[in-house]
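With our numbering, the residue at position 92 of the sequence shown is 135, and numbering never jumps.
Ideal Cβ positions, reconstructed from N, Cα and C, are used throughout, including at glycine.
Contents: one structure, followed by commentary.
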Amino acid sequence: MQSLTRAGLVQAQRGVRGGFVLARSPEELTVLEVVKAVDPIQRIKACPLGLKAHGVRLCPLHKRLDDAMAQVERAFADSTLAEILAEPTKSVPLCEFPLPPKETKGRKVAAQK
């Protein structure tokens with residue numbers, strides 16, 4: 044969460060009703076921004092084997108690997124959090140989204156934002 048806060052993607056709220064909230068709407072936040080903040084995709088800029096003869100000219104295999112990483116970056120850049128959350132899935136989510144109303148002593152209370 045610290046990485047996301049430092050990147051300006053979430054804001055921390057202290058106190059009893061504290062927690063973290065997105066700094067921007069899910070429609071504006073791309074998956075790539077989240078990935079870059081947490082664990083950036085490592086592109087291949089020079090021979091990963093350290094072969095001096097290759098230098099920055101990648102061999103065909105490493106070029107293909109780097110091209111694949113570039114495609115992943117483009118896919119993440121073109122995907123917002125809202126799009127990901129809206130896709131139907133059979134996987135069990137970590138939490139409901141959007142948050143359901145909370146129940147307090149038999150009455151419903153609007154979910155905190």
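Here's the rule I'm using: 16 or more other beta-carbon atoms within 10 Å means buried, otherwise exposed. How should residue i be labelled?
i, result
"residue 126", "exposed"
"residue 53", "buried"
"residue 76", "buried"
"residue 58", "exposed"
Please report whether the beta-carbon of residue i lies at a distance below 8 Å from any beta-carbon of chain C.
i, result
"residue 114", "Protein chain content of the structure displayed is limited to a single chain, and chain C is not contained in it."
Give me the Cα-Cα distance between residue i and residue j, rounded to the nearest whole angstrom.
i, j, result
"residue 114", "residue 120", "10 Å"
"residue 84", "residue 78", "7 Å"
"residue 91", "residue 105", "8 Å"
"residue 108", "residue 102", "10 Å"
"residue 116", "residue 60", "36 Å"
"residue 67", "residue 48", "12 Å"
"residue 132", "residue 65", "22 Å"
For residue i, I'd like the list of residues in its chain whose CB is within less than 6 Å of its CB, leaving aside the five on either flank, ordered along the chain.
i, result
"residue 81", "46"
"residue 156", "Reliability of the predicted coordinates at residue 156 is poor, the pLDDT of 44 falling under 50, and the value obtained from them is presented with this limitation in mind. None."
Residues in its own chain within less than 8 Å of residue i by CB, not counting five upstream and five downstream?
i, result
"residue 123", "69, 70, 71, 72, 73 and 74"
Using 8 Å for Cβ pairs, my map puts residue i next to residue j. What's the rounded Cβ distance?
i, j, result
"residue 99", "residue 111", "About 18 Å separates the two Cβ atoms, so there is no contact after all."
"residue 63", "residue 55", "6 Å"
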